[in-house]
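If you're matching them up, the sequences are chains A and B in order.
For the first sequence, the positions run 1 to 115 when the numbering used here is used.
For the second sequence, the positions run 1001 to 1113 when the numbering used here is used.
Think of the CB as a built atom: it goes at the ideal place given N, C-alpha and C, for glycine as much as any other residue.
The structure displayed is predicted, hence computed values, not measured ones.
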Amino acid sequence: AQSVAQPEDQVNVAEGNPLTVKCTYSVSGNPYLFWYVQYPNRGLQFLLKYITGDNLVKGSYGFEAEFNKSQTSFHLKKPSALVSDSALYFCAAPQTGTGFQKLVFGTGTRLLVSP
Amino acid sequence: KAGVTQTPRYLIKTRGQQVTLSCSPISGHRSVSWYQQTPGQGLQFLFEYFSETQRNKGNFPGRFSGRQFSNSRSEMNVSTLELGDSALYLCASSGGQGVPEQYFGPGTRLTVT
């Protein structure tokens, strides 16, 4: 079964500094990976996805993610953090044989960006 | 396009009661999925409907059920509510070919007392 792991419960970064939110995966076959963000009292918002091709995927709000097959990682990055980026971030992967609809989520990483 | 809408946004129910939650997907999206989010278990997949048929199912008891209508709107029902059913219930819709992303609604916060 596919699984993703987010090793950090919380990441703290100062505004203007680069940020990284980590995700590792364990999948059979081709890895398809997603990042979502959740703001308080809101649903999840899609940020970006990796299907195939370039290892650096660009997404919404200036976020990007680096796919690394040898390290089975898919870390979310942003060159310069904003206070408004403070939120809960989830890495996800679809279970195989489900038409890519049954997403398995990591436990989430809370990002706190200080002014 | 309008996003995914869920009603109601908040619900308070008593143990033993039943509840119905509603979801309207993005126009043109035929797949609707439901997730439960709790602090202890995180985000867990409940089920997915596509063209009025349940296509995928998670590991939840039979008290959790759903359906989809011909206009792709979906409902989920929880019968005989338990305290542990208190959660944020999220609906997501997707469309298109390949590996489509899911678009989530704001959720329904269910509190069981």
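Practice item. Have a look at A:Asn-55, A:Thr-98, A:Gln-38 and A:Ala-5 and flag the residue whose alpha-carbon is nearest the alpha-carbon of Asp-85 (chain A). Key: Of A:Asn-55, A:Thr-98, A:Gln-38 and A:Ala-5, the residue nearest in Cα terms is A:Gln-38.
Exercise for review: Over the uninterrupted beta strand (DSSP E) stretch that includes Arg-1073 (chain B), give me the two end residues.
Suggested key: Boundaries for Arg-1073 (chain B): no beta strand (DSSP E) harbours it, and the DSSP string shows neither H nor E there.
Review point. With 8 Å set as the bound, which would you pick, yes or no: does the beta-carbon of Thr-98 (chain A) sit closer than that to a beta-carbon of chain B?
Key: Chain B contact via Cβ: present.
Exercise for review: Mind checking the region 1048-1068 of chain B against chain A and listing, in chain order, the residues whose C-beta falls within less than 9 Å of any C-beta there?
Suggested key: Per Cβ criterion, the list reads Glu-1048, Phe-1050, Arg-1055, Asn-1056, Lys-1057 and Gly-1058.
Point to revise | Span of the beta strand (DSSP E) around Tyr-61 (chain A) | key: Unbroken run through Tyr-61 (chain A): none, as it is neither H nor E.
Check your understanding: Hey, how far is the Cα of Gly-1042 (chain B) from the Cα of Phe-74 (chain A)?
Key -> Rounded to whole angstroms, Gly-1042 (chain B) to Phe-74 (chain A) spans 20 Å at the Cα level.
Point to revise | Alpha carbon of Gln-1068 (chain B) to alpha carbon of Lys-49 (chain A), nearest angstrom | key: Roughly 27 Å separates the two Cα atoms.
Review point. If you run the structure through DSSP and keep just helix, strand and coil, what is Ser-1086 (chain B)?
Key: Ser-1086 (chain B): coil per DSSP, three-state reduction.
Practice item. Going by CA-CA distance only, name the one from A:Arg-42, A:Arg-110 and A:Pro-31 that's closest to Ala-93 (chain A). Key: Ranking the options by Cα distance to Ala-93 (chain A), first place goes to A:Pro-31.
Point to revise | For Asn-68 (chain A), the nearest candidate out of A:Gly-53, A:Ala-81 and A:Gln-101 (CA to CA) | key: When C-alpha distances from Asn-68 (chain A) are compared across A:Gly-53, A:Ala-81 and A:Gln-101, the shortest belongs to A:Gly-53.
Practice item. Just mark Lys-102 (chain A) as buried or exposed, buried being the case when its beta carbon has 16 or more other beta carbons within 10 Å. Key: Note on Lys-102 (chain A): 16 or more other CB atoms within 10 angstroms of its CB, so buried under the neighbour-count rule.
Check your understanding: Between which two residues does the beta strand (DSSP E) containing Asn-30 (chain A) stretch?
Key -> It is not in any beta strand (DSSP E) - Asn-30 (chain A) carries neither H nor E in the DSSP assignment.
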